[in-house]
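Undergrad:
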Amino acid sequence: MISPEEMQRGHAEHTSSATKLRHFLANSNEILACPGVHDGFSARIALSVGFSALYMTGAGTTASRLGHADLGIATQSDMRAHAEMIANIDAKVPLIADADTGYGGPIMVARTVEQYARSGVAGMHIEDQVQTKRCGHLGGKELVDLDTFASRIRAAVAARKRIGSDIVIIARTDALQGFGYDEAIRRLKFVRDLGADVGFLEGMTSKEMFRSAVKDLAPWPLLLNMVEGGITPTISIDEAQEIGLRIIIHPLATINPAYQAIKDQLEKLKNTGRMDHDPKLTPQFIFNVCGLRDSMAVDADAGGKSFSVDP
Numbered sequence: 018m019i020s021p022e023e024m025q026r027g028h029a030e031h032t033s034s035a036t037k038l039r040h041f042l043a044n045s046n047e048i049l050a051c052p053g054v055h056d057g058f059s060a061r062i063a064l065s066v067g068f069s070a071l072y073m074t075g076a077g078t079t080a081s082r083l084g085h086a087d088l089g090i091a092t093q094s095d096m097r098a099h100a101e102m103i104a105n106i107d108a109k110v111p112l113i114a115d116a117d118t119g120y121g122g123p124i125m126v127a128r129t130v131e132q133y134a135r136s137g138v139a140g141m142h143i144e145d146q147v148q149t150k151r152c153g154h155l156g157g158k159e160l161v162d163l164d165t166f167a168s169r170i171r172a173a174v175a176a177r178k179r180i181g182s183d184i185v186i187i188a189r190t191d192a193l194q195g196f197g198y199d200e201a202i203r204r205l206k207f208v209r210d211l212g213a214d215v216g217f218l219e220g221m222t223s224k225e226m227f228r229s230a231v232k233d234l235a236p237w238p239l240l241l242n243m244v245e246g247g248i249t250p251t252i253s254i255d256e257a258q259e260i261g262l263r264i265i266i267h268p269l270a271t272i273n274p275a276y277q278a279i280k281d282q283l284e285k286l287k288n289t290g291r292m293d294h295d296p297k298l299t300p301q302f303i304f305n306v307c308g309l310r311d312s313m314a315v316d317a318d319a320g321g322k323s324f325s326v327d328p
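Using the numbering used here, you'd call the opening residue of the sequence shown number 18 and step up by one each time.
#1: Less than 9 angstroms separating the beta-carbons of E111 and S34?
#2: Taking a contact to mean a Cβ-Cβ separation below 9 angstroms, would you say L49 touches I252 in this structure?
#3: Decide if D145 is buried, meaning its Cβ has at least 16 other Cβ atoms within 10 Å, or exposed.
#4: From P238 to F324, what distance separates their C-alpha atoms?
#5: Starting from I73, follow the beta strand (DSSP E) in both directions and report where the run begins and ends.
#6: Would G216 and I187 qualify as a contact pair, given that the criterion is a beta-carbon distance under 9 angstroms?
#7: Buried or exposed: which applies to F302, given that a residue is buried once 16 or more other Cβ atoms fall within 10 Å of its Cβ?
#8: Decide if K37 is buried, meaning its Cβ has at least 16 other Cβ atoms within 10 Å, or exposed.
#9: What does a CB cutoff of less than 6 angstroms around R189 pick up in its chain, not counting 5 residues either side in sequence?
#10: Give a yes or no on whether the C-beta atoms belonging to A116 and Y133 are separated by under 9 angstroms.
#11: Rounding to the nearest angstrom, what Cα-Cα distance links G122 and R169 in this structure?
#12: What did DSSP end up calling A91 once you bin it into helix, strand or coil?
#13: From which residue to which residue does the alpha helix (DSSP H) around G195 run?
#14: Around the C-beta of Q282, are 16 or more other C-beta atoms found within 10 angstroms, so that it is buried, or is it exposed?
#15: Just list the residues that DSSP pairs R189 with in beta bridges.
#16: At what residues does the alpha helix (DSSP H) containing L38 begin and finish?
#17: Extract the residue ranges of the alpha helix (DSSP H) inside the region 101-139, only unbroken runs of 4 or more that lie entirely within it.
#18: Compare the Cα-Cα distances from F41 to each of Q148, A114, A70 and G320 and report the closest residue.
#19: Report the rounded CA-to-CA distance for A91 versus A76, giving the unit in angstroms.
#20: DSSP three-state label for P52, please.
#21: Evaluate Q93 with the Cβ neighbour count: other Cβ atoms within 10 Å of its Cβ, from every protein chain shown; 16 or more gives buried, anything less gives exposed.
Structural data, given as structure tokens:
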């Protein structure tokens, strides 16, 4: 697993996170581990733990912003605004973000790339489902034909070049479930040759398939979607690196534990009228996780006195 220090090494402070991600993929054989974050608070916690990159989960975004399942309900505006907020909590740390189907035809896909890039996103994945998409680990997915998928990737690559951005274009196919492995690989090879930077074969079902995909698409970097409890077998970051995968995302890394902790505390409050209290978790502690001292320093450096007394 790449360390934060290794990710930052050799890069000036002004280097964009997209350029850092692109440089990493081109010049390292390490794997990049990206925990899925579903809101600003979970992103802050992941950064405090020391992860060198983050992943904005579409399912988590839909759940946290809209309170709905991942059924293509979140719009481009919902997703871009969420990605921009997370990407700019620490703009030095690359954020890979779900961009679903690109939200329309080639013109809309291009607009999505432009907006994500200008929002500070380092990498984004675009898939070959129909517009009324669903989570990759649900059944009944419908796909567009290869020509339509190709038009999305062409539009994305052209938009990236047109605006002079290093944003990494990740091509995702969901063809495995309905059309099989050979068709999924055929689709990925086709869009790889159109300029997609990374491949994403969704819903792989065995370690043998991981190895085959890496071999069949080499030396193209591949991303593994590690959805615990889904249809993909769970492997460690070290195992994924040994197989030759280059990026591993854990979309449920924060939303699953958040669900259990919140539910446990709310049930206790409902049933007993009290909540458990960890003395460490004061309001000041939580605010400091969210950058309180950094914000106070900005005020003080500018000569402000609003926060001259510690809150």
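We put the CB at the ideal spot given by N, CA and C, even for glycine.
TA: Working from what's here:
#1: Taking the first residue of the sequence shown as 1, we reach residue 111 at position 94. Taking the first residue of the sequence shown as 1, we reach residue 34 at position 17. With the sequence shown as reference, residue 111 is identified as Pro, and Glu is not the correct amino acid for it. Yes, these two residues count as a Cβ contact at 9 angstroms.
#2: Walking along the sequence shown from the start, residue 49 turns up at place 32. Walking along the sequence shown from the start, residue 252 turns up at place 235. For L49 and I252, no; Cβs fall outside 9 angstroms.
#3: As a working mapping, residue 145 is identified with position 128 in the sequence shown. Result: buried.
#4: Here the question's residue 238 lines up with position 221 in the sequence shown. Here the question's residue 324 lines up with position 307 in the sequence shown. Whole-angstrom Cα-Cα distance: 47 angstroms.
#5: Counting from 1 along the sequence shown, the entry for residue 73 is found at position 56. According to the sequence shown, residue 73 is Met rather than Ile. Note, M73: beta strand (DSSP E), L71 to M73.
#6: The residue you call residue 216 lines up with position 199 of the sequence shown. The residue you call residue 187 lines up with position 170 of the sequence shown. In this structure, I187 lies closer than 9 angstroms to G216 by Cβ.
#7: Counting from one through the sequence shown, the residue named residue 302 turns up at place 285. Classification of F302: exposed, given that the 10 Å Cβ count is below 16.
#8: Along the sequence shown, one-based indexing puts residue 37 at 20. Per the 10 Å Cβ criterion, buried.
#9: The sequence position of residue 189 within the sequence shown is 172, counting from 1. Excluding positions up to five away in sequence, the list reads H142, E144, F217 and E219.
#10: Translated into the one-based positions of the sequence shown, residue 116 becomes position 99. Translated into the one-based positions of the sequence shown, residue 133 becomes position 116. Taking 9 angstroms as the Cβ cut-off, A116 and Y133 qualify as a contacting pair.
#11: Numbered from 1 along the sequence shown, position 105 holds the residue referred to as residue 122. Numbered from 1 along the sequence shown, position 152 holds the residue referred to as residue 169. If you take the alpha carbons of G122 and R169, they lie about 7 angstroms apart.
#12: As a first step, residue 91 must be located in the sequence shown, where it is residue number 74. Coil at A91, not helix or strand.
#13: As a working mapping, residue 195 is identified with position 178 in the sequence shown. From DSSP, the alpha helix (DSSP H) with G195 extends over A192 to F196.
#14: Residue numbering aside, residue 282 sits at position 265 when the sequence shown is read from its first letter. Exposed: under 16 other Cβ atoms inside 10 Å.
#15: Your numbering for residue 189 matches position 172 in the sequence shown. Partner(s): E144 and F217.
#16: Against the sequence shown, residue 38 aligns to sequence position 21. Its alpha helix (DSSP H) spans residues S34 to N44.
#17: 123-135
#18: To locate residue 41, count along the sequence shown from 1; it is residue 24. When only C-alpha atoms are compared, the closest one is A70.
#19: The count along the sequence shown starts at 1 and reaches residue 91 at position 74. The count along the sequence shown starts at 1 and reaches residue 76 at position 59. Looking at the two C-alpha atoms, the distance is approximately 9 angstroms.
#20: Start at 1 with the first residue of the sequence shown, and residue 52 comes out as number 35. Here P52 sits in strand by DSSP.
#21: Looking up residue 93 in the sequence shown gives position 76. With 16 or more Cβ atoms within 10 Å of its Cβ, Q93 is classed as buried.
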